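Student: Supplied in structure tokens, the structure appears directly below.
Number of protein chains: 2
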Amino acid sequence: MPTLRRHDPGALFDTARAGDHAALARLLSLIERGGPTAREVAALAYRSPSMAYTVGLTGSPGAGKSTLTDRLIGLAKSGLPGTGSGSTGQVGVLAIDPSSPFSGGAILGDRVRMQSAALDDRVFIRSMATRGQLGGLAVAVPDAVRVLSAVGFPVVLIETVGVGQQEVEVASATDTTVVVVNPGWGDAIQANKAGLMEIGDVFVINKADRAGTRETHRDLDQMLELTELDGWRPPIVETVATTGDGVETAWSAIGDHRKYLIDHDRLAPLRRQRLERELRQVLVARVEERINSLQGSPDLQAVTGALAEGTLDPYAAADRLLGIMTAHPSEPTAPAGR
Amino acid sequence: MPTLRRHDPGALFDTARAGDHAALARLLSLIERGGPTAREVAALAYRSPSMAYTVGLTGSPGAGKSTLTDRLIGLAKSGLPGTGSGSTGQVGVLAIDPSSPFSGGAILGDRVRMQSAALDDRVFIRSMATRGQLGGLAVAVPDAVRVLSAVGFPVVLIETVGVGQQEVEVASATDTTVVVVNPGWGDAIQANKAGLMEIGDVFVINKADRAGTRETHRDLDQMLELTELDGWRPPIVETVATTGDGVETAWSAIGDHRKYLIDHDRLAPLRRQRLERELRQVLVARVEERINSLQGSPDLQAVTGALAEGTLDPYAAADRLLGIMTAHPSEPTAPAGR
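Quick mapping for you: the protein sequence lines, in order, are chains A and B.
The opening residue of the first sequence carries number 0 in numbering that gives the first Met the number 0; numbering runs sequentially from there.
The opening residue of the second sequence carries number 0 in numbering that gives the first Met the number 0; numbering runs sequentially from there.
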């Protein structure tokens with residue numbers, strides 16, 4: 000294996016496309032780290048026209064998402080049902096933990112359960128976190144998906160640890176969002192029920208061999224009745240991920256949703272919408288980045304000084320800073336698109 | 000009483016300074032509404048050199064914050080203890096409800112308990128929410144405080160409904176932050192204990208006539224031992240707001256914290272820090288505002304079109320938009336400081 004230069008994204012892409020998972024992991028580390036190199040990697044990935052089909056899984060910690068994901072990986076290798084895609088049999092998995100400041104941290108333990116998958120070189124599993132860089136996961140995850148797409152993965156599963164605001168945002172910024180609950184719901188879900196009803200394209204009641212499954216199913220049904228739907232009625236699937244019961248039905252439901260989006264010309268507009276939301280997040284992150292890069296500069300000191308003295312109000316100060324930032328963009332930018 | 004032109008902030012200020020609470024309420028409505036007029040009001044207020052001493056109160060719903068605030072109002076009329084300030088005897092109260100889309104909504108019920116205060120024309124009480132405008136409460140509340148300061152209020156109490164992220168941010172962006180808990184803590188506090196330990200300058204155990212007070216006191220003490228403190232050791236005060244027990248001690252503790260900040264030259268740097276944070280929030284809101292004002296413009300359509308086609312990546316697109324926004328600032332700006 001040739002030695003890879005640490006920061007040559009182009010070479011890393013070539014190696015990753017040839018099936019080298021170490022190179023792919025390095026590309027994702029660069030994305031995770033943020034900054035100019037992340038931008039360069041994302042820009043390169045963006046040139047690739049293909050786009051992986053993304054499936055987000057969210058639900059409270061302990062709902063059994065990892066086990067379910069493990070099972071879905073096995074099915075995803077045969078592609079998404081009802082469509083010809085997925086023929087390369089490659090499956091990418093991003094396990095997102097917004098609370099962990101280090102990648103490969105908290106949820107790596109869960110990954111042990113994915114042993115069988117890890118031994119298969121068509122499967123690439125990666126825990127992702129952000130080290131507090133600007134834009135955070137909302138910017139890093141779409142970039143990571145873009146990298147996996149560019150490298151040839153037709154399907155990417157994105158699993159979050161819990162149902163926090165960031166986690167729900169990440170999981171719902173996918174083509175199909177799966178909300179995983181347990182019989183009896185649980186407290187974390189209870190607090191965000193309405194939010195989860197809004198984002199779910201497929202609902203999975205996992206651990207459906209336990210008491211309370213029927214009630215939870217009825218409860219979900221009733222809540223869906225009350226939810227404004229625009230054409231797609233999210234199916235409710237009961238699974239026992241530990242035994243595999245119902246997992247194929249869940250996978251079919253994901254395929255049905257995909258087919259629905261394609262047949263009704265909804266997939267492209269959905270993705271375009273996501274892209275515009277992402278653009279907005281990148282823009283805000285970029286502005287914050289530039290403020291940071293001004294830190295300690297005479298320009299910024301003059302403005303904050305005037306602010307403290309009361310000769311400038313925060314609005315006028317903000318406008319002055321905006322002017323300064325765009326007159327002297329101090330951050331290197333990605334080479335693509337320039 | 001002269002008829003006020005709806006949108007003449009200067010005249011409203013003059014009338015409000017003369018003690019007219021209707022004019023003051025109208026100024027705060029303009030702030031709440033956001034946009035160019037809010038900015039004009041804020042800029043006018045900013046010219047006033049005086050700055051009210053701000054006290055934030057946060058804690059779970061039902062902790063008794065409204066009753067406690069009601070009691071504190073009575074004491075605040077005599078000014079802050081240990082200092083000569085507060086001589087006008089005026090007290091401003093902002094009751095913040097981030098979840099309510101309408102001002103005067105959900106927490107107005109609580110205000111009924113403040114009847115005694117409402118009948119006193121030295122006391123001005125206002126519920127505040129934001130109608131979803133950009134920057135939200137993080138921008139609107141400091142502006143509202145600025146208005147109350149400019150009109151002559153020496154003390155402003157800021158009370159939030161709960162301990163959500165926004166509420167904690169607003170309550171902690173004050174000179175003295177009071178965290179109100181109950182014996183046994185309660186679930187909402189439990190989830191955010193560490194965050195609350197960080198922001199509290201004074202801890203109040205309200206409903207201290209109930210069981211579990213001693214345990215909660217000890218618990219708080221132990222957590223403070225574990226918290227990194229830089230000079231000020233937050234006192235823990237037990238109160239029964241309904242009877243008034245301990246409320247004077249709580250008010251003294253607030254006064255002690257203020258004295259500490261002044262004696263150690265910490266108040267000015269603290270406020271400057273807040274101002275810089277606010278500047279950042281205004282800046283981000285301003286950028287989002289400009290993106291919105293570009294909505295539907297040929298410039299934006301060209302960029303999002305190129306983005307969807309893949310000829311521009313999100314980073315390059317963001318940079319192009321930043322350039323467009325600053326070349327043609329389309330929003331009117333505040334007159335001050337220009």
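Note that the Cβ used here is the ideal one computed from N, Cα and C, for glycine as well.
Remember, predicted model here, so these are calculated numbers, not experimental data.
Are the Cβ atoms of Leu93 (chain B) and Arg125 (chain B) separated by less than 8 Å?
Tutor: Taking 8 Å as the Cβ cut-off, Leu93 (chain B) and Arg125 (chain B) qualify as a contacting pair.
Student: According to DSSP, is Phe202 (chain A) helix, strand or coil?
Tutor: strand
Student: Rounded C-beta distance between Val169 (chain B) and Ile95 (chain B)? I'm assuming under 8 Å.
Tutor: 5 Å
Student: Just to confirm, are Arg121 (chain A) and Val90 (chain A) a CB contact at a threshold of 8 Å?
Tutor: yes
Student: Taking beta-carbon pairs under 9 Å, can you tell me which members of the segment 156-174 of chain B lie near chain A?
Tutor: For the segment 156-174 of chain B, which is checked against every Cβ of chain A, the residues closer than 9 Å are Gln164.
Student: Interface residues of chain A around Ala307 (chain B) at Cβ under 9 Å?
Tutor: Ala267, Arg270, Arg271, Leu274, Glu275
Student: Is any heavy atom in the ligand NAP found nearer than 7 Å to the beta carbon of Ala17 (chain B)?
Tutor: Annotation note on the ligand NAP: not contained in the displayed structure, which lists no ligands.
Student: By the DSSP assignment, the alpha helix (DSSP H) with Ser28 (chain A) in it spans what residues?
Tutor: Boundaries of the alpha helix (DSSP H) harbouring Ser28 (chain A): 20-32, taken from the DSSP string.
Student: Is the segment 251-259 of chain A touching the segment 211-224 of chain A in the sense that three or more CB pairs, one from each, lie closer than 8 Å?
Tutor: No, the segment 211-224 of chain A is not in contact with the segment 251-259 of chain A.
Student: To the nearest angstrom, report how far apart Gly34 (chain A) and Leu311 (chain B) are at their CA atoms.
Tutor: Taken atom to atom, the span from the alpha-carbon of Gly34 (chain A) to that of Leu311 (chain B) is near 18 Å.
Student: Rounded to whole angstroms, what is the Cα-Cα separation between Gly73 (chain A) and Pro297 (chain B)?
Tutor: About 46 Å.
Student: Go ahead and label Leu228 (chain A) buried or exposed: buried means 16 or more other beta carbons lie within 10 angstroms of its beta carbon, across all protein chains shown.
Tutor: exposed
Student: Should Glu158 (chain A) be labelled buried (16 or more other beta-carbon atoms within 10 Å of its own) or exposed?
Tutor: buried
Student: Which same chain residues end up closer than 7 Å to Arg273 (chain B) when comparing Cβ atoms and leaving out the 5 residues on each side of it in sequence?
Tutor: Ala172
Student: Checking contacts by CB at 8 Å: is Leu11 (chain A) closer than that to chain B?
Tutor: no
Student: Helix, strand or coil, according to DSSP, for Met127 (chain A) in the structure here?
Tutor: If DSSP states are grouped into helix, strand and coil, Met127 (chain A) belongs with the strands.
Student: Are any of the Cβ atoms in chain B nearer than 8 Å to that of Val281 (chain A)?
Tutor: Judged by the 8 Å Cβ criterion, Val281 (chain A) is in contact with chain B.
Student: Comparing alpha-carbon positions, which option in B:Arg285, B:Gly55, B:Leu266, B:Asn205 lies nearest Trp184 (chain B)?
Tutor: B:Asn205
Student: Counting C-beta neighbours from all protein chains within 10 Å, is the total for Ala17 (chain A) 16 or more, i.e. buried, or is it exposed?
Tutor: exposed
Student: Kindly give me the distance between the Cβ atoms of Arg70 (chain A) and Gly243 (chain A), rounded to whole angstroms, as I take these residues to be in contact under 8 Å.
Tutor: Beta-carbon to beta-carbon, Arg70 (chain A) and Gly243 (chain A) are separated by about 6 Å, close enough to satisfy the 8 Å threshold.
Student: For Gly108 (chain A), count neighbouring Cβ atoms within 10 angstroms of its own Cβ and tell me buried if that reaches 16, exposed if not.
Tutor: Residue placement at Gly108 (chain A) is flagged as unreliable, the pLDDT there being 43, under the threshold of 50; a coordinate-derived value is accordingly withheld.
Student: Report the three-state DSSP secondary structure of Ile311 (chain B) (helix, strand or coil).
Tutor: The displayed chain sequence assigns Leu, not Ile, to residue 311 (chain B). Leu311 (chain B): coil per DSSP, three-state reduction.
Student: Quick one, which of A:Ala252, A:Ile323, A:Arg271, A:Asp19 has its alpha-carbon nearest Phe123 (chain A)'s?
Tutor: A:Asp19
Student: Where Tyr52 (chain B) and Ser148 (chain B) are concerned, what is the direct C-alpha to C-alpha distance, given to the nearest angstrom?
Tutor: Going from the Cα of Tyr52 (chain B) to the Cα of Ser148 (chain B) covers about 9 Å.
Student: Is the distance from the Cβ of Val246 (chain A) to the Cβ of Leu67 (chain A) below 8 Å?
Tutor: yes
Student: Please tell me whether Pro182 (chain B) and Phe202 (chain B) are closer than 8 Å, where the distance is taken between their beta carbons.
Tutor: Not a contact, by the Cβ cut-off of 8 Å.
Student: Establish whether the CB of Tyr45 (chain B) and some CB of chain A are separated by less than 8 Å.
Tutor: yes
Student: Report the rounded CA-to-CA distance for Glu237 (chain A) versus Val140 (chain A), giving the unit in angstroms.
Tutor: 29 Å
Student: In the structure shown, what three-state DSSP assignment does Thr303 (chain A) receive?
Tutor: helix
Student: Can you list the residues of chain A that Ile290 (chain B) reaches, using a CB-CB cut of under 7 Å?
Tutor: Arg279, Leu282
Student: Can you check whether the C-beta of Asp109 (chain A) is within less than 8 Å of a C-beta belonging to chain B?
Tutor: The pLDDT assigned to Asp109 (chain A) is 47, lower than 50, so where the model puts this residue is not dependable; a value taken from the coordinates is nonetheless given after this. Taking Cβ atoms only, chain B never reaches closer than 8 Å to Asp109 (chain A), which makes this a no.
Student: Using a Cβ-Cβ cutoff of less than 8 Å, which residues in the same chain neighbour Glu166 (chain B) once the five nearest sequence positions on both sides are dropped?
Tutor: Thr57, Ile95, Pro97, Thr159, Val160
Student: With a threshold of 8 Å between beta-carbons, can Arg125 (chain B) be considered close to chain A, or not?
Tutor: Not an interface residue.
Student: For Ala252 (chain A), collect the residues of the same chain with a Cβ closer than 8 Å to its Cβ; drop the 5 residues on either side in sequence, then sort them by chain order.
Tutor: Val201, Pro234, Val236
Student: Got a sec? Which residues, its chain only, sit under 7 Å from Thr248 (chain A) by beta carbon, not counting five neighbours each side?
Tutor: Once the five neighbours on either side are set aside, the close Cβ partners of Thr248 (chain A) are Val236.
Student: Check whether the Cβ atoms of Gly55 (chain B) and Val177 (chain B) sit closer than 8 Å, and answer yes or no.
Tutor: yes
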